[in-house]
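A short worksheet on the structure shown next.
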Ligand code: NAD
């Protein structure tokens, strides 16, 4: 029997990149998967492919930073599947901006998507998990500071450090209800976000990759499946005594 048979997994930002790989992996592990993204067409495309492979999957549009969107998302999941057993907070945006150039809306947008988005989803997911005394939450953040030590990431670092603090505190709050709350801080995973970063820094992606690889201990870029595999482990019973941990998955110490 697949290890997540019967479980419902909600993955945010599942339309592409790391979130897509996580959704595909959890479906292969036997979960019924809800793919949430602010861009419904991307999420729908992935859900469609999963259904054609006879996996149980639906796509739902929600901007995780919007309180009402997340309320509607959870109502829809309850209607279709009954409740969320596994939540992966992956939706995120990246900000590369020096502090002296920051406008209020820059800070508002990164903290809203990265941090508030994660908290919005945990708030609604935990109710069902507490009732059934079983749940798995994985929050995706980012190593602080980043592997290449860019000097334009103070806002991004603050928003991600907040997620890691929230993960550890929530693990204490939800531990008595048999809910594991862990984090993954990936870096240098070859996705659209990474390509956007290279562009923002005025670099060709191949040059960006070369510099990154030279500084990564394992001498290769990461792949979205490198993160999906760790999520699969953290939500499995093999990891049932791990909670409140943030695992850095970045090819080096
Ligand atoms: P990506 O930009 O390729 O994909 C992000 C997905 O999230 C997109 O489908 C996007 O539409 C969705 N999304 C963005 N804002 C949203 C919102 N408000 N509501 C719902 N969906 C939203 O990014 P990725 O590289 O796959 O990154 C995934 C996660 O990993 C992010 O949280 C990111 O901060 C983190 N991360 C990635 C890297 C990396 O090397 N790629 C490094 C550090 C951290």
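Numbering (the numbering used here), first residue to last: 489 to 741.
A virtual CB, placed ideally from N, CA and C, is assigned to each residue, including glycine.
Quick caveat: nothing in here was measured; it's all calculated off a predicted structure.
Delimiting residues of the beta strand (DSSP E) encompassing residue 525: 520–525
Using CA atoms only, rank isn't needed, just tell me which of 582, 585 and 577 is closest to residue 608. 577
Can you give me the start and stop residues for the alpha helix (DSSP H) that residue 558 sits inside? 555–569
Other residues of its chain near residue 647: CB distance less than 7 Å, five sequence neighbours each side excluded: 598, 599, 602 and 603
Let me know the alpha helix (DSSP H) ranges lying completely inside the stretch 669–705, each 4 residues or longer, listed in chain order. 680–688 and 693–703
With a threshold of 8 Å (Cβ to nearest heavy atom), would residue 639 be considered close to the ligand NAD? no
Specify, as a first and last residue, the run of the alpha helix (DSSP H) that residue 534 falls within. 528–540
Select from 581, 658, 644 and 557 the residue whose C-alpha is nearest the C-alpha of residue 684. 581
Separation of residue 639 from residue 613, as counted between CA atoms: 35 Å
For the ligand NAD, is there a heavy atom less than 8 Å away from the beta-carbon of residue 687? no
Helix, strand or coil: which one does DSSP assign to residue 731? coil
Label residue 621 either buried or exposed according to how many other C-beta atoms from any shown protein chain fall within 10 Å of its C-beta, with 16 as the threshold for buried. exposed
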